[in-house]
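Residue 73 is where the sequence shown starts when you use this note's numbering, and the numbers rise one by one after that. Working notes, structure below.
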Amino acid sequence: MGGDPCGALQVRVTLAPGETRTVNFFLGTAMNEAEIERAIDHSREADFVTRSYAALQENWERYLGAWNCELPDQDAQRMLNTWNPYQSQRNFLFSRNISYYATGTFRGVGYRDTAQDILAVVPYDPEAAKDKVRLLLGQQYQDGHVNHYFFPNEGWDPVTSIHSDDHLWTALAVWDILAETGDWAFLQENIPFYDGGEAPLYDHLKRAVDFTVSRLGPNGFPLMLRSDWNDQLFRVCREGRGESIWTAMQFGTVLLRMKDLAAASGYPEHAADYDRLYGEQKRLVNTLGWDGQWFRRAVMDDGRYLGTAEHEEAQIWLNAQTWATLSGMAESDKGLKAMDSVRDILDTELGIKKLHPSITTFPDPADPLTNYNKGTGENGAVFCHANTWAIIAECMLGRGDQAYKYYRQLIPNIAMEQAGIWRYKAEPYVYASNLFGPESDRFGLANVSWLTGTAAWMYVAATQYIMGIKPVLAGLSINPCIPSSWEGFSVTRRFRGCEYEITVKNSSHVCSGVQEIRVDGERLEGKVLPAYPHKQSVKVEVIL
73 MGGDPCGALQ VRVTLAPGET RTVNFFLGTA MNEAEIERAI DHSREADFVT RSYAALQENW
133 ERYLGAWNCE LPDQDAQRML NTWNPYQSQR NFLFSRNISY YATGTFRGVG YRDTAQDILA
193 VVPYDPEAAK DKVRLLLGQQ YQDGHVNHYF FPNEGWDPVT SIHSDDHLWT ALAVWDILAE
253 TGDWAFLQEN IPFYDGGEAP LYDHLKRAVD FTVSRLGPNG FPLMLRSDWN DQLFRVCREG
313 RGESIWTAMQ FGTVLLRMKD LAAASGYPEH AADYDRLYGE QKRLVNTLGW DGQWFRRAVM
373 DDGRYLGTAE HEEAQIWLNA QTWATLSGMA ESDKGLKAMD SVRDILDTEL GIKKLHPSIT
433 TFPDPADPLT NYNKGTGENG AVFCHANTWA IIAECMLGRG DQAYKYYRQL IPNIAMEQAG
493 IWRYKAEPYV YASNLFGPES DRFGLANVSW LTGTAAWMYV AATQYIMGIK PVLAGLSINP
553 CIPSSWEGFS VTRRFRGCEY EITVKNSSHV CSGVQEIRVD GERLEGKVLP AYPHKQSVKV
613 EVIL
């Protein structure tokens with residue numbers, strides 16, 4: 073209600089000739105008054121500035137030292153070496169709790185938001201990532217569902233609405249932690265439930281899967297429940313019959329991870345069950361979920377599909393097209409067709425729209441699907457968070473030039489230059505949640521910067537899919553998908569105690585396709601580098 077308030081600090085200083093004085097200003101954020109008081113007391117200690125500045129430099133050098141790249145694109149290099157991991161770490165600490173866009177009281181810690189934030193912090197601080205998983209699973213009920221929002225420091229009651237996707241995100245974070253660390257004992261750690269009792273971490277993840285299985289709709293897709301990742305979709309499931317086709321794809325992605333985790337935990341029968349469930353959802357996605365040129369988004373209470381060419385509004389939704397490939401569910405050429413539709417219908421010079429056409433009267437003029445204006449928020453904006461999944465999908469399809477176009481056009485300073493600084497109106501070094509879309513007269517306005525899932529997923533998209541350096545359970549997978557114009561790039565990456573000095577050469581000017589990998593001069597079979605626990609560093613040469 074107060075807009076974006078601004079404050080000024082003034083200190084009067086009188087200087088004698090030749091005199092020098094130093095004035096220090098301290099700014100910070102904290103989660104409660106006790107933390108603020110401790111911070112103020114700490115800042116008044118002797119030599120606080122000198123000690124703190126040195127410690128801060130040492131901390132960031134250690135943290136950011138986990139990854140360093142040299143790329144042909146200096147804008148991308150700056151983002152990946154500094155600003156993207158920095159923003160991701162801020163999100164990881166505060167989730168969406170503190171924001172100058174959502175003023176007033178704390179919003180709370182969002183379960184789905186925080187589970188996704190973990191993904192970009194795992195390479196830098198896996199122990200902190202584990203702690204966050206413990207925090208999240210403490211909000212899970214014994215039947216497998218979770219609290220949507222919670223307030224760990226305030227003592228307020230959580231937001232208990234049940235969404236089709238919240239509880240499933242944790243499995244992705246846990247899989248990434250195990251891929252990074254190889255610490256299988258983490259799966260057996262006992263973690264309490266919100267409503268009493270405790271169980272091993274693996275059992276928490278299994279109960280999340282079981283909860284989804286127990287709530288499938290009339291067509292066999294997961295019920296939407298309160299909504300899925302698109303919060304506005306609560307309007308299609310008020311009567312409890314609406315189903316999420318996107319959640320079926322997310323569920324499939326989780327089932328692939330759970331197969332690995334079940335096998336590692338000594339439950340081959342669970343792995344077989346997850347494989348069966350995956351096949352069932354894949355069949356539904358490719359039959360009932362396919363609209364001819366793209367994948368449908370949901371089934372509404374009345375049985376009609378959302379995201380179909382049959383309707384005049386909201387015909388195509390970005391998430392259903394990207395996750396069909398991310399989940400591995402898209403059969404034959406359907407993934408390519410769906411992503412071609414994204415390129416032809418949803419892409420703009422400032423990023424990919426979340427849906428098209430924007431909604432004004434659908435499905436009922438008296439009760440449209442969203443209260444966002446056309447081209448804003450979830451109604452046709454360039455939703456940067458969702459754009460990251462388009463980058464990943466194009467990389468998985470081997471189309472590096474298209475993937476990089478989607479990546480580069482949302483690098484903040486590039487987007488600001490394209491939109492114009494007075495229209496963009498956000499920082500040129502951190503990602504925003506969304507940009508107003510072309511159906512808005514403020515096309516290009518950046519909205520909700522800093523605290524957004526864009527940060528974590530953009531980092532994952534760039535490092536694990538474009539650069540192609542991805543931790544997997546067996547080691548470090550190398551499978552770049554880059555612009556064909558690149559001659560190559562280099563990355564130094566800390567992994568399981570060893571520093572991997574990776575040089576990728578692309579004299580053939582292809583987007584993807586690893587021809588040869590050599591580690592310390594020895595040819596490697598396959599694309600997965602093993603862990604080298606007894607070495608400080610290895611030199612890796614990759615030929616595309």
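Every residue, glycine too, gets a C-beta built ideally from N, C-alpha and C.
Three-state secondary structure (DSSP) of Glu571 | strand
Using the rule of at least 16 other Cβ atoms within 10 Å of the residue's Cβ for burial, across every protein chain shown, is Leu305 buried or exposed?
-> buried
Taking the C-alpha atoms as reference points, what is the distance between Met73 and Arg134?
-> Note that Met73 scores 46 on pLDDT, short of 50, meaning its location in the model is unreliable; the coordinates nonetheless yield the value given after this. Straight-line Cα distance between these residues: approximately 41 Å.
Could you have a look at Trp366 and say whether DSSP puts it in helix, strand or coil?
-> coil
Run the CB neighbour count on Tyr125, radius 10 Å, all protein chains shown included, and call it buried at 16 or more, exposed below.
-> exposed
So which of Ile431, Thr460, Ile464, Val371 has the shortest CA-CA distance to Thr448?
-> Ile431
Would you mind working out which of Asn578, Lys611, Lys607 sits nearest Val591, comparing C-alpha positions?
-> Lys611
CB of Phe164 within 8 Å of CB of Val205, strictly = no
Could you tell me which residues DSSP pairs with Cys141 in its beta bridges?
-> Val563
By the 10 Å Cβ neighbour count, where 16 or more other Cβ atoms means buried, how is Ala370 classified, buried or exposed?
-> buried
Closest by CA to Thr253, which one among Lys202, Gln481, Gln161?
-> Lys202
Tell me whether Ile554 is buried or exposed, calling it buried when 16 or more other Cβ atoms sit within 10 Å of its Cβ.
-> buried
Contact the region 290-301 vs the region 419-435: 3+ CB pairs below 8 Å | no
What is the DSSP secondary structure of Gly423, reduced to helix, strand or coil?
-> strand
Sequence-distant residues of its chain with Cβ nearer than 6 Å to Ser521 (five each side left out) = Ala498, Glu499, Val502, Ala504
Quick one: Cα of Phe166 to Cα of Glu594, how far?
-> 44 Å
Inspect the beta-carbon positions of Ala458 and Asn519 and report whether they are closer than 8 Å.
-> no
If you compare alpha carbons, which of Asp363, Gly338, Met330, Ala381 is closest to Asp347?
-> Met330
DSSP state of Glu588, grouped into three classes?
-> strand
Going by DSSP, what residues sit across from Gln212 in a beta bridge?
-> Val218
With a 10 Å radius around its C-beta and 16 neighbouring C-beta atoms as the bar for buried, classify Ser236 as buried or exposed.
-> buried
How long is the line joining the alpha carbons of Asn225 and Gly100, rounded to whole angstroms?
-> 17 Å
Closer than 6 Å by C-beta to Arg279: which residues in its own chain qualify, once you throw out the five before and the five after it? Chain order, please.
-> Gly216
Given 8 Å as the limit, is there contact between the region 468-482 and the region 528-540, that is, 3 or more CB pairs closer than that?
-> yes
So, are the CB atoms of Asn551 and Gly540 less than 8 Å apart?
-> yes
Three-way DSSP call (helix, strand, coil) for Ser160 in this model = helix
Kindly give me the distance between the Cβ atoms of Asp185 and Gly525, rounded to whole angstroms, as I take these residues to be in contact under 8 Å.
-> 6 Å
Are there 16 or more other CB atoms within 10 angstroms of the CB of Ile538, so buried, or fewer, so exposed?
-> buried
Buried versus exposed, by CB contacts within 10 Å (16 or more), Arg376 | exposed
Exposed or buried, what is Trp389 when buried is set at 16 or more other beta-carbons lying within 10 Å of its beta-carbon?
-> buried
Mind reading off the beta-carbon distance from Thr36 to Glu613? Whole number of angstroms is fine, and I expect it under 8 Å.
-> The chain is shown from 73 up to 616; residue 36 falls before or after that span and cannot be answered.
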